[in-house]
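What follows is a single structure, written as structure tokens, with notes after it.
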Amino acid sequence: THTHEQNGPPFVVNCTSSGALSDHCPLSMVHTSRLTYLKGGDMSITAAAQGADMDQDISRPTWSRQIEFTLAGIGCAVGLGNVWRFPYLCYRSGGGAFLLPYLFMLLMLGIPLLHMELSLGQYMRRGPVHALANACPLLKGVGMASVAISFIMCTYYNVVITWALYYLFSSFQAPLPWQNCNNTWNTPNCTNHATNSSYTSTYNTVHGVEETGVLRLELFLILILAWILVYLCIFKGVKSTGKVVYFTAVFPYVILIALLINNVQLPGDLYCQNWLSIVWVNAAAQIFNSIGIGFGSLLAMSSYNSFNNSVLKDTLTISIINSFTSILAGFVIFSSLGYMSHLQGIPVSDLAVDGPGLVYVVYPQAFANMPVAQLWAVLFFFMLLCLGLDSEFAMVEVLVTSLLDEYNQHLIAFFKRKELLVFAVCCAAFLLGIPCVGIYVFQLMDHYTAIVSITFLAFFEVIAICWCYGTNRLSDNLEEMTGKRPNIFFRMCWLIVAPLLIGTILIFSIIQFKPARYGDYVFPPWAQGVGWLIALASIIWIPLGAIHTFWVLPGSLMQMIVMLGVIKPGHKVHSLCLISTMAN
Numbered sequence: 001t002h003t004h005e006q007n008g009p010p011f012v013v014n015c016t017s018s019g020a021l022s023d024h025c026p027l028s029m030v031h032t033s034r035l036t037y038l039k040g041g042d043m044s045i046t047a048a049a050q051g052a053d054m055d056q057d058i059s060r061p062t063w064s065r066q067i068e069f070t071l072a073g074i075g076c077a078v079g080l081g082n083v084w085r086f087p088y089l090c091y092r093s094g095g096g097a098f099l100l101p102y103l104f105m106l107l108m109l110g111i112p113l114l115h116m117e118l119s120l121g122q123y124m125r126r127g128p129v130h131a132l133a134n135a136c137p138l139l140k141g142v143g144m145a146s147v148a149i150s151f152i153m154c155t156y157y158n159v160v161i162t163w164a165l166y167y168l169f170s171s172f173q174a175p176l177p178w179q180n181c182n183n184t185w186n187t188p189n190c191t192n193h194a195t196n197s198s199y200t201s202t203y204n205t206v207h208g209v210e211e212t213g214v215l216r217l218e219l220f221l222i223l224i225l226a227w228i229l230v231y232l233c234i235f236k237g238v239k240s241t242g243k244v245v246y247f248t249a250v251f252p253y254v255i256l257i258a259l260l261i262n263n264v265q266l267p268g269d270l271y272c273q274n275w276l277s278i279v280w281v282n283a284a285a286q287i288f289n290s291i292g293i294g295f296g297s298l299l300a301m302s303s304y305n306s307f308n309n310s311v312l313k314d315t316l317t318i319s320i321i322n323s324f325t326s327i328l329a330g331f332v333i334f335s336s337l338g339y340m341s342h343l344q345g346i347p348v349s350d351l352a353v354d355g356p357g358l359v360y361v362v363y364p365q366a367f368a369n370m371p372v373a374q375l376w377a378v379l380f381f382f383m384l385l386c387l388g389l390d391s392e393f394a395m396v397e398v399l400v401t402s403l404l405d406e407y408n409q410h411l412i413a414f415f416k417r418k419e420l421l422v423f424a425v426c427c428a429a430f431l432l433g434i435p436c437v438g439i440y441v442f443q444l445m446d447h448y449t450a451i452v453s454i455t456f457l458a459f460f461e462v463i464a465i466c467w468c469y470g471t472n473r474l475s476d477n478l479e480e481m482t483g484k485r486p487n488i489f490f491r492m493c494w495l496i497v498a499p500l501l502i503g504t505i506l507i508f509s510i511i512q513f514k515p516a517r518y519g520d521y522v523f524p525p526w527a528q529g530v531g532w533l534i535a536l537a538s539i540i541w542i543p544l545g546a547i548h549t550f551w552v553l554p555g556s557l558m559q560m561i562v563m564l565g566v567i568k569p570g571h572k573v574h575s576l577c578l579i580s581t582m583a584n
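So this is what it looks like as structure tokens:
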């Protein structure tokens with residue numbers, strides 16, 4: 001027996017079957033349920049859709065306009081990685097030839113998995129922890145892992161925003177500080193921006209991760225400013241974020257197009273390498289990192305959509321614009337590198353570097369040789385600020401949403417207002433961003449979170465949603481929300497293509513794994529160990545969540561396996577159709 005709320009997801013009142021659960025038993029947003037065993041092995045699920053939980057669903061805020069979610073989704077997907085990671089991967093993996101596998105992975109992985117995440121978040125109306133727990137209690141740890149990786153990344157991602165602010169303020173000087181080596185603070189070996197002591201001190205570039213360096217007061221104060229900006233943009237939730245993204249999500253395109261128009265008029269050519277076999281792994285990794293599959297950000301933001309929102313339209317808009325931005329940024333960056341190669345008479349291979357060095361070291365040198373250098377520098381670093389803030393909003397929102405979903409009454413009773421909870425989260429992340437080993441800590445954390453952890457999370461997320469919850473049930477949910485079922489392409493990608501591709505990528509990533517490094521510096525074994533601990537800080541929640549599920553559920557092991565949707569009598573794959581007590 002079940003009831004439906006008008007224009008909302010169904011609330012399960014009772015689902016009972018003899019020996020097996022009904023395939024048509026709908027999931028709901030109820031988080032207080034009681035599971036009991038009846039004599040003879042029958043199972044009964046009584047969902048107490050009571051006061052606080054139902055009120056919380058009804059009062060859950062939504063985006064003021066649907067375009068606000070679309071822009072926020074674009075801002076979340078389009079980040080600093082589109083500007084520095086995609087151009088470098090494109091260069092390293094074959095130039096224009098990289099686009100073929102990149103677009104293939106976009107079609108077969110990026111778009112279907114984004115559609116999957118947005119659909120689940122919009123239907124469940126919860127953040128990643130509760131959405132995944134309701135879909136597959138056995139793999140509820142995937143949602144916890146998403147929150148953990150988002151929190152880890154937001155602590156160091158705002159450090160990159162701090163660098164953008166530092167360069168933005170420095171760009172108002174004439175001449176630009178990195179334009180020559182005639183400054184009193186230059187070191188004797190200063191020949192260009194990369195050896196300039198301003199650059200070295202900005203990133204606190206000591207000789208290795210073994211050295212702690214010193215606290216740079218100006219960077220410390222700018223880091224505080226960066227977190228103040230983040231807080232002011234998100235403290236009201238989607239109501240404030242939705243207004244900010246009108247500017248922060250649109251402005252970067254104005255600057256990228258202006259830079260491209262300026263750069264194509266400069267002398268120098270784009271550089272193209274030969275095809276490399278590793279290009280497919282690079283393409284898939286970029287899709288995950290760019291769109292944000294597995295991070296939980298877009299899933300959390302889609303939980304604030306109206307129930308009947310067109311998920312497919314948002315999916316196509318976000319994924320296509322994200323890829324277009326990456327390609328556009330690639331043209332902008334490498335047209336500048338071609339210009340520098342022409343001026344300095346050195347190959348592009350000596351200029352192209354991965355990571356923040358591409359936009360904070362190489363690109364500022366290009367500005368120094370352009371007309372109206374200060375204007376282009378100010379616009380470029382302000383664009384980086386906007387790109388960084390959009391992604392930072394999303395990562396912080398994952399944590400705040402998940403905390404409120406799980407402990408709403410307790411947190412509101414303690415903090416009194418949601419704004420104070422957001423402030424506490426920002427303060428905690430700020431404190432973790434203070435350590436003074438600069439670029440080395442950034443490179444270590446980025447390598448073991450954005451590269452190592454996210455592939456594991458994406459794989460188990462697909463298993464939890466597409467196999468445990470089931471593509472049929474997800475299709476039913478979409479039909480209930482939009483009136484249309486997903487076509488055979490999406491269902492096949494969810495059920496077969498995505499798990500196989502991600503599993504293959506995971507295997508190749510393990511086989512071809514290379515320890516983290518920064519330029520010629522190789523991290524010592526103990527630092528690599530710290531990196532693996534950082535990776536485990538998110539991955540560990542997956543087995544812990546499964547252990548907790550088995551611990552709290554009553555009955556024999558076989559009964560629990562049947563209930564959790566792994567198998568059912570008759571040895572057929574069965575999707576979960578219950579909300580177990582461990583969801584709370």
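Residue numbers (UniProt numbering): 1 to 584.
The C-beta atom is built at its ideal place from N, Cα and C for all residues, glycine as well.
Bear in mind the structure is a predicted one, so any value in this text is a computation, not a measurement.
### Message
Judging by CA-CA distance, which residue of Pro175, Leu420, Met108, Val159 is the nearest neighbour of Ala368?
### Response
Pro175
### Query
According to DSSP, is Tyr123 helix, strand or coil?
helix
### Query
Quick one: what's Tyr518 bridged to in DSSP?
Tyr521
### Query
Using DSSP with H/G/I as helix, E/B as strand and the rest coil, what is Pro356?
coil
### Task
State the start and end residues of the unbroken alpha helix (DSSP H) segment that holds Met383.
373 to 415
### Query
For Gly531, which residues of its own chain have a beta-carbon under 6 Å away from its beta-carbon, when the five flanking residues on both sides are left out?
Leu444, Tyr448, Ala516
### Task
Compute the Euclidean distance between the alpha carbons of Gln173 and Val378, then round it to the nearest angstrom.
10 Å
### Task
Put Ala464 into one of helix, strand or coil per three-state DSSP.
helix
### Task
Using only alpha-carbon positions, find the residue among Cys76, Ser64, Leu80 that is nearest to Leu384.
Leu80
### Task
Take Ile454 as the anchor and find which of Val254, Leu232, Leu132, Gly292 has the nearest alpha-carbon.
Gly292
### Boundaries (first-last residue) of the alpha helix (DSSP H) holding Phe151
141 to 170
### Task
Decide if Lys514 is buried, meaning its Cβ has at least 16 other Cβ atoms within 10 Å, or exposed.
exposed
#### Entry: Cβ neighbours of Phe459 in the same chain (closer than 8 Å, five flanking residues each side left out)
Pro499, Ile502, Gly503, Leu506
### Task
Go through its chain and collect everything with a Cβ distance to Phe415's Cβ below 6 Å, but skip five positions before and after it.
Leu421
### Pick from Leu114, Pro554, Thr549, Ile542 that is closest to Lys313, judged by C-alpha positions
Leu114
### Task
For Lys243, name the three-state secondary structure that DSSP assigns.
helix
### Message
So, with DSSP's three-state summary, where would you put Thr62?
### Response
coil
### Query
Do the CB positions of Leu457 and Ile149 come within less than 8 Å of each other?
yes
### Task
Tell me where the alpha helix (DSSP H) around His130 begins and ends.
128 to 135
### Query
What do you get for Phe324, buried or exposed, if any count of 16 or more other CB atoms within 10 angstroms of its CB means buried?
exposed
### Buried or exposed by the 16-neighbour rule on C-beta atoms within 10 Å, applied to Asp405
buried
### Task
With distances taken Cα to Cα, identify the nearest neighbour of Cys76 among Val452, Val244, Leu120.
Val244
### Task
State buried or exposed for Pro371, treating a residue as buried only when at least 16 other CB atoms are found within 10 Å of its CB.
exposed
### Message
Taking a contact to mean a Cβ-Cβ separation below 8 Å, would you say Val462 touches Gly296 in this structure?
### Response
no
### Message
Just to confirm my understanding: we take Trp63, look at its own chain, exclude 5 residues before and 5 after, and list those with CB closer than 7 Å. What are they?
### Response
Phe69, Val238, Gly242, Tyr304, Asn305
### Task
Express the C-alpha separation of Asn82 and Leu103 in angstroms, rounding to a whole number.
15 Å
### Query
Could you give the C-beta distance for Gly143 and Val129, rounded to a whole number, given that I count them as a contact under 8 Å?
4 Å
### Query
Residues in its own chain within less than 7 Å of Val264 by CB, not counting five upstream and five downstream?
Ser335
### Message
Less than 8 Å between C-beta atoms, sequence neighbours within five positions excluded: which residues of the same chain meet that for Leu256?
### Response
Thr325, Leu328, Ala329, Val332, Met383
### Query
From Asp446 to Ala145, what distance separates their C-alpha atoms?
16 Å
### Cβ-based burial, Pro101 [other Cβ within 10 Å; buried from 16]
buried
#### Entry: Spatially closest choice to Leu260 from Cys466, Trp376, Leu387, Ile228, by CA coordinates
Trp376
### Query
Under a three-way DSSP split, which group does Met108 fall into?
helix
### Query
How about Trp227 and Tyr360: do their beta carbons lie closer than 8 Å?
no
### Query
So Val159 and Leu223 are in contact, right, with Cβ under 8 Å, and what is the actual spacing, rounded?
7 Å
### Task
Evaluate Tyr407 with the Cβ neighbour count: other Cβ atoms within 10 Å of its Cβ, from every protein chain shown; 16 or more gives buried, anything less gives exposed.
exposed
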